[in-house]
Amino acid sequence: MKVQRFEDLEIWKEAREIALKIKELSRKSEFSKDYKFVAQITSASGSTMDNIAEGFDRDGNKEFFQFLSIAKGSNSETRSQAYRAFDYKYINEAELNEILTRTEKLKAKINSLMLYLKNSDRKGNKYT
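So the mapping is simple: the working numbering equals the position in the sequence shown, first residue as 1, plus 1.
Quick look at the structure:
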């Protein structure tokens, strides 16, 4: 399948699923009084998918690589905040492990795409 839009990217789809899961978990009563933390964790998870999308539509491999690096950082921030949510007793161990597994898999896929872009001779659509 040829990727023509950022919505076609598997990593964007997975980042979106993680963001939706984080939003779902943040609606639990345990989070109800910690508005700043909820804003922080939902922002980080949303930033992952947003940076993948923005980088893709820049039409240059170097720029896409840079935005993937930012997305990877946001993904790691989400992962770190999941540990905090667990430590604060906002989520249980099964919920933590689901987030950790999903974010680790996404990180590996982002790394793979970054490696591909780094080794590719193609510069991107805006250079053709």
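For glycine and all other residues, C-beta sits at the position ideal for the given N, C-alpha and C. Only a predicted model underlies this, so the values are computations on that prediction, with no experimental measurement involved.
Could you pull out every residue in the same chain whose Cβ sits closer than 6 Å to the Cβ of residue i, ignoring the five residues on either side in sequence?
{"i": "Glu78", "result": "Ala45"}
Since residue i is in the alpha helix (DSSP H), which residue starts that stretch and which ends it?
{"i": "Asp51", "result": "Tyr36 to Phe57"}
{"i": "Arg28", "result": "First-last for Arg28: undefined, no H or E at that position."}
For residue i, which option in the options has the closest C-alpha, if you only look at C-alpha atoms?
{"i": "Asp122", "options": "Arg6, Leu69, Gly61 and Leu10", "result": "Gly61"}
Residues in the same chain with beta-carbon distance under 8 Å from residue i, minus the five sequence neighbours each way, listed in chain order, please.
{"i": "Gln67", "result": "Gly56"}
{"i": "Arg103", "result": "Glu15, Glu18, Ile19 and Lys22"}
Taking 8 Å as the threshold (C-beta atoms), are residue j and residue i in contact?
{"i": "Glu96", "j": "Leu21", "result": "no"}
{"i": "Ser53", "j": "Phe7", "result": "Strictly speaking, residue 53 in this sequence is Ile, with Ser absent from that position. Going by C-beta atoms, Ile53 is nearer than 8 Å to Phe7."}
{"i": "Ser75", "j": "Thr49", "result": "yes"}
{"i": "Tyr91", "j": "Glu31", "result": "yes"}
Using the rule of at least 16 other Cβ atoms within 10 Å of the residue's Cβ for burial, across every protein chain shown, is residue i buried or exposed?
{"i": "Asp9", "result": "exposed"}
{"i": "Ser33", "result": "exposed"}
{"i": "Ala83", "result": "buried"}
{"i": "Lys37", "result": "exposed"}
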